[in-house]
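Residue numbers (the numbering used here), protein chains in the order written: chain A, 11 to 228; chain B, 11 to 228.
A virtual CB, placed ideally from N, CA and C, is assigned to each residue, including glycine.
Remarks on the structure that follows.
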């Protein structure tokens, strides 16, 4: 059995190759990439329309989360042998690092693959569509944003419930538990909760307005 | 190791007690209960308001699925030892029988418990609220129906994806595979797909109508 830095220690990962990049390099590249994506998503839509502040933030979020779902999570779903990667592929490095917070990624836990597969294949492209829908004020903008946000929240529920049921012992240390397993996922609970609540209210308001205009014309 | 009728044969269920009711009795009680619930849900709302045909069917569905989520699935989630039941408890009998189509129920698979837990605790009460919302034409009726239906569809995705990833060998025979694992769940794919598509369209129409009335008043 190869040695690996993950918990539980008896997790069998034949052919495991340790990270070739440092934690700082991996997080630095992620941070720099995120800043570029956010900046472009903040500036570009202003050239074509006049989005409000909230709309600008929503476009940023949907572009950011859509790219993460498709590229980073998509790589994980379709690369079962990422922990054997010897070439220093950046996406493999990310998942080798994140597995320190949740070894179920290296261990190919089926609930994790199911949640990540749905995120990569369905929620990723839908998020990019949501960014476009917000930028162009489509009538389906709120219902699409609600749909994706609910999917992200449902995914987080399955992700945490299955971990707890299986003993919640998948982090290499309390640091990785809180920084990666809790911290890195927190945005995908807080932001989808805010967006689904906003879209829910806007949808209800639209129906109320429709009822009012109906009763006026009668 | 006790013998049990489930697949795979090496599934360890210490203290397993076989079904005391026959398949016909279990399904007969379920069928009779469903007919009573459907009949009441079809007739009662007509005493208080005048629901359309579609609304009547929706009220039936939401009452039916809400009670199943809360009572049948709720029992499963909170009864880890149902397969040891000796008293012939009907709810234990149901799950002993259904486990012939998917032994992950008797085996307490964590993805199955997560999906069933979300159904029992969140989707169940929300479905009863949806029946009430349809009956009383609440402005949140469509967004609530969409939310629950998407949850049911997401749950089915996780349910089937995790089964496939783990080898899809949890049915005692092809008969139980198609009758229970595929057949019994089919309604929770087809009906939520129909309802979410209907609610999605109605929400979009409401936003379109709002846009129109705004442009008229300007």
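Around the C-beta of residue i, are 16 or more other C-beta atoms found within 10 angstroms, so that it is buried, or is it exposed?
| i | result |
| --- | --- |
| residue 45(A) | exposed |
| residue 213(A) | buried |
| residue 185(B) | exposed |
| residue 50(A) | exposed |
| residue 22(B) | exposed |
| residue 206(A) | buried |
| residue 225(B) | exposed |
Please confirm whether residue i and residue j have their CB atoms less than 9 Å apart.
| i | j | result |
| --- | --- | --- |
| residue 154(A) | residue 139(A) | yes |
| residue 58(A) | residue 145(A) | yes |
| residue 116(B) | residue 16(B) | yes |
| residue 76(B) | residue 124(B) | no |
| residue 219(B) | residue 220(A) | yes |
| residue 191(A) | residue 203(A) | no |
| residue 156(A) | residue 209(A) | yes |
| residue 78(A) | residue 52(A) | no |
| residue 152(B) | residue 216(B) | yes |
| residue 110(A) | residue 95(A) | no |
| residue 223(A) | residue 223(B) | yes |
| residue 31(B) | residue 127(B) | no |
| residue 104(A) | residue 158(A) | no |
| residue 195(B) | residue 18(B) | no |
| residue 90(B) | residue 118(B) | yes |
Less than 7 Å between C-beta atoms, sequence neighbours within five positions excluded: which residues of the same chain meet that for residue i?
| i | result |
| --- | --- |
| residue 121(A) | 168 and 172 |
| residue 101(B) | 82 and 85 |
| residue 48(A) | 70 and 74 |
| residue 39(A) | 100 |
| residue 87(B) | 123, 126, 127 and 130 |
| residue 29(A) | 103, 106 and 107 |
| residue 189(B) | 111 |
| residue 201(A) | 71 |
Assuming residue i contacts residue j under a Cβ cut-off of 8 Å, what Cβ separation, rounded to an integer in Å, is found between them?
| i | j | result |
| --- | --- | --- |
| residue 147(A) | residue 199(A) | That pair is no contact at about 27 Å. |
| residue 130(A) | residue 72(A) | With 8 Å as the limit, residue 130(A) and residue 72(A) do not qualify as a contact, their Cβ atoms being about 15 Å apart. |
| residue 80(B) | residue 134(B) | 4 Å |
Can you tell me which of the three DSSP states residue i falls into?
| i | result |
| --- | --- |
| residue 146(A) | coil |
| residue 21(B) | coil |
| residue 178(B) | coil |
| residue 226(A) | helix |
| residue 115(A) | coil |
| residue 63(B) | helix |
| residue 135(A) | helix |
| residue 90(A) | coil |
| residue 26(A) | coil |
| residue 32(B) | coil |
| residue 165(B) | helix |
| residue 79(B) | helix |
| residue 106(A) | helix |
| residue 58(B) | helix |
| residue 15(B) | coil |
| residue 41(B) | helix |
| residue 207(B) | helix |
In chain order, what residues of the same chain have a beta carbon less than 8 Å from the beta carbon of residue i, not counting five sequence neighbours either side?
| i | result |
| --- | --- |
| residue 61(B) | 55, 69, 144 and 145 |
| residue 150(A) | 143 |
| residue 132(A) | 161 |
Does chain E have any CB closer than 9 Å to the CB of residue i?
| i | result |
| --- | --- |
| residue 112(B) | Given the protein chain composition of this structure (A and B), no chain E is represented. |
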